[in-house]
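Worksheet for the structure shown next.
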Amino acid sequence: MLQAVMTNPGIIEIRDIQRPEPKSDEVLIEVKRIGVCGSDIHVYYGMHPYTSYPVVQGHEVSGVVADFGSDVKSFSKGDKVVFMPQVTCGTCYPCRHGMYHICDHLKVMGFQTDGAAQEFFPVVADMVLKLPESTSIDHAALIEPISVAVHAVSQYGNVEGKNVLVLGAGTIGNLVAQVAKASGAKKVLISDISVYKQQKAMECGIDAVVNPQQDDLGQTILEVFGPDKADVILECVGVQDTITQAVTYARKGSTIVVVGVFGKKPTVDLGLVQDRELKLFGTLMYQKRDYERAIDLVKNGKLSLDNIITHRIPFNQYLEAYKLIEASGGEYMKVMVDF
Numbered sequence: 000m001l002q003a004v005m006t007n008p009g010i011i012e013i014r015d016i017q018r019p020e021p022k023s024d025e026v027l028i029e030v031k032r033i034g035v036c037g038s039d040i041h042v043y044y045g046m047h048p049y050t051s052y053p054v055v056q057g058h059e060v061s062g063v064v065a066d067f068g069s070d071v072k073s074f075s076k077g078d079k080v081v082f083m084p085q086v087t088c089g090t091c092y093p094c095r096h097g098m099y100h101i102c103d104h105l106k107v108m109g110f111q112t113d114g115a116a117q118e119f120f121p122v123v124a125d126m127v128l129k130l131p132e133s134t135s136i137d138h139a140a141l142i143e144p145i146s147v148a149v150h151a152v153s154q155y156g157n158v159e160g161k162n163v164l165v166l167g168a169g170t171i172g173n174l175v176a177q178v179a180k181a182s183g184a185k186k187v188l189i190s191d192i193s194v195y196k197q198q199k200a201m202e203c204g205i206d207a208v209v210n211p212q213q214d215d216l217g218q219t220i221l222e223v224f225g226p227d228k229a230d231v232i233l234e235c236v237g238v239q240d241t242i243t244q245a246v247t248y249a250r251k252g253s254t255i256v257v258v259g260v261f262g263k264k265p266t267v268d269l270g271l272v273q274d275r276e277l278k279l280f281g282t283l284m285y286q287k288r289d290y291e292r293a294i295d296l297v298k299n300g301k302l303s304l305d306n307i308i309t310h311r312i313p314f315n316q317y318l319e320a321y322k323l324i325e326a327s328g329g330e331y332m333k334v335m336v337d338f
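The opening position of the sequence shown corresponds to residue 0 in numbering that gives the first Met the number 0, with each subsequent residue numbered one higher.
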């Protein structure tokens, strides 16, 4: 079978290796789609702090069951599936208290251990989730980032009837906004400096967009939400400007959820956090319940996903996905690798 190996930053080799056999507790997945995400791009540029080379990428994945081990009883060949790419220790404090997604020794497939950029990939059955037959293979490959969005929104709690501001309209920001809207948010405003990503947000049904480089963000918040402003702000970029915006424009007593991954340590005005009694939450990855919620949202057609898949690359040209991103000028959302 074929496998894509990133041997060094910017270098991917397609190798022919032996097809794996599933262990007794594993499901062998025939991989159909792989989404390329921001963290993958960091690995491509050699900027991911927790990845070494060579590495096999691929954690946003959909496929079908090709085979399974003798102890696996809940899957059949041909089932559409996704998997959770976390490898946890099961013994640390977070694992013992239901927070395995922030395991002290967490490894993520495609980063600290090999991912699914190959034709067949074995995964422990407990980490595999079966999909409704009606779910498309394309949409299934978005379950992982949708789960990130579900978990992020859940850090606030019930957003029904609430005003939600999302800073950043990339794939994660877009999905966070969509999940909030699908969960009953009163109004959702998304902010981004990219006209392209603003347009994508509007195509996906987000109530309002703003470019903070061209318009007054504070005034737009008042125009969209009224004097009560946003109940929750979700920062989905991971840069100084957006975390500053979050704290600056947060209403007293409101909540900020930090979704974006910061490459550089930001400065946060804790005086404003204290004075306004702001609640500041972090969010990382997801748990199984978030995957289940994501699968349900997709099954019931609650999300606009076709507009997010903007480019396709065949698996045997894996490197071209990154070259496309380099040449795009930021005008892309989800690049999908097809088998």
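Note that CB positions come from ideal geometry on N, CA and C, so glycine has one too. In this text, all values refer to a predicted model and were calculated from it rather than measured experimentally.
Can you tell me the Cβ-Cβ gap for residue i and residue j, rounded? I've got them flagged as a contact below 8 Å.
{"i": "A179", "j": "V152", "result": "5 Å"}
{"i": "V158", "j": "I189", "result": "With 8 Å as the limit, V158 and I189 do not qualify as a contact, their Cβ atoms being about 14 Å apart."}
{"i": "F120", "j": "Y49", "result": "Contact doesn't hold; Cβ gap of about 21 Å is too wide."}
{"i": "T282", "j": "V246", "result": "Their Cβ separation, rounded to whole angstroms, is 17 Å, which puts T282 and V246 out of contact at 8 Å."}
{"i": "Q177", "j": "S73", "result": "Contact flag wrong, Cβ pair sits at about 30 Å."}
{"i": "V297", "j": "I171", "result": "Contact flag wrong, Cβ pair sits at about 16 Å."}
{"i": "Y317", "j": "A3", "result": "4 Å"}
{"i": "G167", "j": "T241", "result": "6 Å"}
For the alpha helix (DSSP H) that contains residue i, what are its first and last residues?
{"i": "R292", "result": "K287 to K298"}
{"i": "Q218", "result": "L216 to F224"}
{"i": "P48", "result": "Taken as a continuous stretch (DSSP letters only), P48 belongs to no alpha helix (DSSP H), as it is neither H nor E."}
{"i": "I33", "result": "Taken as a continuous stretch (DSSP letters only), I33 belongs to no alpha helix (DSSP H), being part of the beta strand (DSSP E) at E25 to V35."}
{"i": "V147", "result": "I142 to Y155"}
{"i": "E202", "result": "V194 to E202"}
{"i": "E319", "result": "Y317 to A326"}
{"i": "A179", "result": "T170 to A181"}
{"i": "L271", "result": "L269 to D274"}
Report buried or exposed for residue i, applying the criterion of at least 16 other Cβ atoms within 10 angstroms of its Cβ.
{"i": "I10", "result": "exposed"}
{"i": "H104", "result": "exposed"}
{"i": "H96", "result": "exposed"}
{"i": "E118", "result": "buried"}
{"i": "G169", "result": "buried"}
{"i": "V55", "result": "buried"}
{"i": "G89", "result": "exposed"}
{"i": "K263", "result": "exposed"}
{"i": "G34", "result": "buried"}
{"i": "Y331", "result": "buried"}
{"i": "S133", "result": "exposed"}
{"i": "M5", "result": "buried"}
{"i": "T112", "result": "exposed"}
Closest to residue i by C-alpha separation, out of the options, would be which residue?
{"i": "F280", "options": "Y155, P8 and V54", "result": "Y155"}
{"i": "G329", "options": "K196, T50, C102 and E20", "result": "K196"}
{"i": "D215", "options": "H104, Y248 and L27", "result": "Y248"}
{"i": "P144", "options": "P226, G262 and A293", "result": "A293"}
{"i": "Y233", "options": "I33, V149, D295 and Q17", "result": "A quick correction: the sequence has Leu, not Tyr, at residue 233. Out of I33, V149, D295 and Q17, V149 has the C-alpha closest to the C-alpha of L233."}
{"i": "S23", "options": "G34, Q2, D70 and D39", "result": "D70"}
{"i": "I312", "options": "L296, K301 and V334", "result": "V334"}
{"i": "K278", "options": "R18, R250 and C102", "result": "R250"}
{"i": "E20", "options": "Q273, E29, L318 and V163", "result": "E29"}
{"i": "T309", "options": "P8, K199, Y44 and F67", "result": "K199"}
{"i": "I192", "options": "K298, H138 and V236", "result": "V236"}
{"i": "C94", "options": "I142, Q286 and S38", "result": "Q286"}
{"i": "Q273", "options": "P265, G259, Y290 and T254", "result": "T254"}
{"i": "D15", "options": "H47, F67, A116 and D66", "result": "A116"}
{"i": "D295", "options": "A139, K106 and Q213", "result": "A139"}
{"i": "I301", "options": "P53, S182, S327 and G68", "result": "Here the sequence assigns Lys to residue 301, which means Ile is not the residue at that position. It is S182 whose Cα lies nearest to the Cα of K301."}
{"i": "P53", "options": "N7, M46, G45 and T266", "result": "N7"}
{"i": "G339", "options": "V163, M46, S146 and V122", "result": "In the structure as shown, the chain begins at 0 and stops at 338. Residue 339 is therefore absent and cannot be evaluated."}
{"i": "V238", "options": "L221, E222, F261 and N299", "result": "F261"}
{"i": "N306", "options": "N173, P265, D337 and K106", "result": "N173"}
{"i": "G339", "options": "M98, V175 and K106", "result": "Coverage of the chain is limited to positions 0 through 338, which leaves residue 339 absent and any answer about it impossible."}
Who are the Cβ neighbours of residue i in its own chain at under 7 Å, not counting the five residues just before and after it?
{"i": "K161", "result": "A184, K185, D230 and V231"}
{"i": "V209", "result": "L188, S190, L216 and T219"}
{"i": "M201", "result": "V208"}
{"i": "C102", "result": "T87, C88, C91, P93 and C94"}
If you drop the 5 nearest sequence neighbours on each side, which residues of the same chain put their C-beta closer than 6 Å to that of residue i?
{"i": "I136", "result": "K31, R32 and S61"}
{"i": "H58", "result": "P84, M108, G109 and G114"}
{"i": "G252", "result": "E276"}
{"i": "V127", "result": "V26, V80 and F82"}
{"i": "V42", "result": "T50"}
{"i": "K76", "result": "V64"}
{"i": "G204", "result": "S303"}
{"i": "M284", "result": "H100"}
{"i": "G68", "result": "P21, K22, S23, D24 and E25"}
{"i": "E319", "result": "I312"}
Give the range of the beta strand (DSSP E) segment to which residue i is assigned.
{"i": "H310", "result": "I308 to P313"}
{"i": "G109", "result": "Neither: G109 is in no beta strand (DSSP E) and is coded neither H nor E."}
{"i": "R14", "result": "I10 to D15"}
{"i": "L233", "result": "V231 to E234"}
{"i": "N162", "result": "N162 to L166"}
{"i": "M5", "result": "L1 to N7"}
{"i": "K301", "result": "It is not in any beta strand (DSSP E) - K301 carries neither H nor E in the DSSP assignment."}
{"i": "K22", "result": "Segment: none, K22 is in no beta strand (DSSP E) and carries neither H nor E."}
{"i": "I255", "result": "T254 to V257"}
Leaving out the 5 sequence neighbours to the left and right, which residues in its chain are closer than 8 Å to residue i when beta-carbon positions are compared?
{"i": "I324", "result": "V35, I40, Y331 and V334"}
{"i": "N315", "result": "L1 and I13"}
{"i": "D78", "result": "V63, V64, K129 and L130"}
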